[in-house]
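Trainee:
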Amino acid sequence: MVSMDAAVAGRGSEPKADEQLRLRAEARSLDFYYGTFKALKGVQMPIYENKVTALIGPSGCGKSTFLRCFNRMHDLYPNMRYEGEIRLMPDNVNILAREVDPIEVRMRIGMVFQKPNPFPKSIFENVVYGLRVRGVSNKGALDRKAEQALREAALWNEVKDRLNDLASELSGGQQQRLCIARALATDPEIMLFDEPTSALDPIATASIEELVHELKSRVTILIVTHNMQQAARVSDFTAYMYLGEVVEFGETNQIFIKPAKKATEDYITGRFG
Numbered sequence: 409m410v411s412m413d414a415a416v417a418g419r420g421s422e423p424k425a426d427e428q429l430r431l432r433a434e435a436r437s438l439d440f441y442y443g444t445f446k447a448l449k450g451v452q453m454p455i456y457e458n459k460v461t462a463l464i465g466p467s468g469c470g471k472s473t474f475l476r477c478f479n480r481m482h483d484l485y486p487n488m489r490y491e492g493e494i495r496l497m498p499d500n501v502n503i504l505a506r507e508v509d510p511i512e513v514r515m516r517i518g519m520v521f522q523k524p525n526p527f528p529k530s531i532f533e534n535v536v537y538g539l540r541v542r543g544v545s546n547k548g549a550l551d552r553k554a555e556q557a558l559r560e561a562a563l564w565n566e567v568k569d570r571l572n573d574l575a576s577e578l579s580g581g582q583q584q585r586l587c588i589a590r591a592l593a594t595d596p597e598i599m600l601f602d603e604p605t606s607a608l609d610p611i612a613t614a615s616i617e618e619l620v621h622e623l624k625s626r627v628t629i630l631i632v633t634h635n636m637q638q639a640a641r642v643s644d645f646t647a648y649m650y651l652g653e654v655v656e657f658g659e660t661n662q663i664f665i666k667p668a669k670k671a672t673e674d675y676i677t678g679r680f681g
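Using the numbering used here, you'd call the opening residue of the sequence shown number 409 and step up by one each time.
#1: Check whether the segment 482-497 touches the segment 460-469, counting contact only when three or more Cβ pairs, one atom from each stretch, lie closer than 8 Å.
#2: Look up proline 454 in the DSSP assignment and give the residues it is bridged to.
#3: Just to confirm before moving on: does the CB-CB distance between alanine 554 and phenylalanine 527 stay below 9 Å?
#4: With respect to the beta strand (DSSP E) encompassing arginine 495, which residues constitute its N-terminal and C-terminal limits?
#5: Which residues bound the beta strand (DSSP E) around alanine 710?
#6: Are the Cβ atoms of valine 632 and leucine 475 separated by less than 9 Å?
#7: For glycine 652, which option in Gln452, Leu431, Arg542 has the closest C-alpha, if you only look at C-alpha atoms?
#8: My output table needs one value for glutamate 603: the three-state DSSP class, helix, strand or coil.
#9: For the beta strand (DSSP E) holding phenylalanine 657, just list the boundary residues, first then last.
#10: Specify the secondary structure class of phenylalanine 521 as computed by DSSP and reduced to three states.
#11: Given a threshold of 16 other Cβ atoms within 10 Å of its Cβ, counted over all protein chains shown, does alanine 639 qualify as buried or as exposed?
#12: Short check: CB of threonine 461 to CB of aspartate 644, under 9 Å?
#13: Can you give me the Cβ contacts of tyrosine 456 inside the same chain, cut-off strictly under 6 Å, excluding the 5 residues immediately before and after it?
#14: Classify threonine 473 as buried or exposed, calling it buried when 16 or more other Cβ atoms lie within 10 Å of its own Cβ.
#15: In three-state terms, what does DSSP make of lysine 449?
#16: Using DSSP bridges, identify the partner residues of phenylalanine 440.
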């Protein structure tokens, strides 16, 4: 159960009355099918620029399925089908359209998974992997981007003297920050976090949450979490999902303190789910 104080004390800042919210992306009538099973049902949701949006709900409600639509991860598996749109702003392109290259989508929309997944390479080569895929080979450019990304992921001071060491030698929390640096190196417009702290200890979790708060000044963030306190702490907007539908979406403080739907209140207070 999440108290009102926990929500109010969160890092997610409530938008000011005169603050101009800008759309970075928008799901429009989005359906998704695993074979014949309809996992998402008419999802409508705005994603606001330089804000953190949290997706909450019980296991199997469609949170991760929705998240992975944003960088076309489902394309990697057979018998998956999208219907509807995800519009990426400001160019207003439907990133689910067949003519849109999913590789380019993944360059523009980075993802950090539940468990740290560093490649079996050095720390440096992990960070610059996406740049090499893009054809960047200039050592000076790679060095600069690696340092920038590692600094943004709050990891530079810990690894600057061991960039040639294997990434697997890092701690779990360091590996997750390395994966964040790897995603940041390609200058994504949106970052997707799929329960990024569920495999980490409390100290590493606090470090990642602090990092999410700092990163939103340069990138828009969409995060899936089962942790209600975490959602209250890190997000500006929250969507409660159930059975593939968005039950309620709004500013995080409003969702946690005075939700409009009883189903949302029941879930947040622990009476359901």
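Glycine included, each C-beta is placed from N, C-alpha and C at the ideal position.
Mentor: So, from the listed chains and residues:
#1: The segment 482-497, when compared against the segment 460-469, does not touch it at the 8 Å Cβ threshold.
#2: By one-based count along the sequence shown, residue 454 stands at place 46. Beta-bridge pairing by DSSP links proline 454 to Glu434.
#3: Counting from one through the sequence shown, the residue named residue 554 turns up at place 146. Counting from one through the sequence shown, the residue named residue 527 turns up at place 119. For alanine 554 and phenylalanine 527, no; Cβs fall outside 9 Å.
#4: Against the sequence shown, residue 495 aligns to sequence position 87. Per DSSP, arginine 495 belongs to the beta strand (DSSP E) from 488-496.
#5: Given a span of 409 to 681 for the chain in the structure shown, any question on residue 710 remains unanswerable.
#6: Counted from its first residue, the sequence shown places residue 632 at position 224. Counted from its first residue, the sequence shown places residue 475 at position 67. Yes, the pair counts as a contact, with Cβ atoms nearer than the cut-off.
#7: Counted from its first residue, the sequence shown places residue 652 at position 244. It is Gln452 whose Cα lies nearest to the Cα of glycine 652.
#8: If you number the sequence shown from 1, residue 603 lands on position 195. Glutamate 603 falls in the coil class under three-state DSSP.
#9: On the sequence shown, position 249 is the one that residue 657 refers to. Segment 653-659, the beta strand (DSSP E) holding phenylalanine 657.
#10: Position 113 of the sequence shown, counting from 1, holds the residue named residue 521. In the structure shown, phenylalanine 521 sits in coil (DSSP, three-state: anything other than H, G, I, E or B).
#11: Position 231 of the sequence shown, counting from 1, holds the residue named residue 639. Alanine 639 counts as buried, since no fewer than 16 other beta carbons sit within 10 angstroms of its beta carbon.
#12: What you label residue 461 is simply residue 53 of the sequence shown in a count that begins at 1. What you label residue 644 is simply residue 236 of the sequence shown in a count that begins at 1. A Cβ-Cβ contact shorter than 9 Å links threonine 461 with aspartate 644.
#13: For the purposes of this step, residue 456 is taken as residue 48 along the sequence shown, with counting starting at 1. Once the five neighbours on either side are set aside, the close Cβ partners of tyrosine 456 are Leu429.
#14: Residue 473 sits at position 65 when you count from the first residue of the sequence shown. Burial call: buried.
#15: For the purposes of this step, residue 449 is identified with residue 41 of the sequence shown, where counting begins at 1. It is a strand residue.
#16: In the sequence shown, the residue the question calls residue 440 occupies position 32. According to DSSP, phenylalanine 440 bridges with Leu448, Tyr490.
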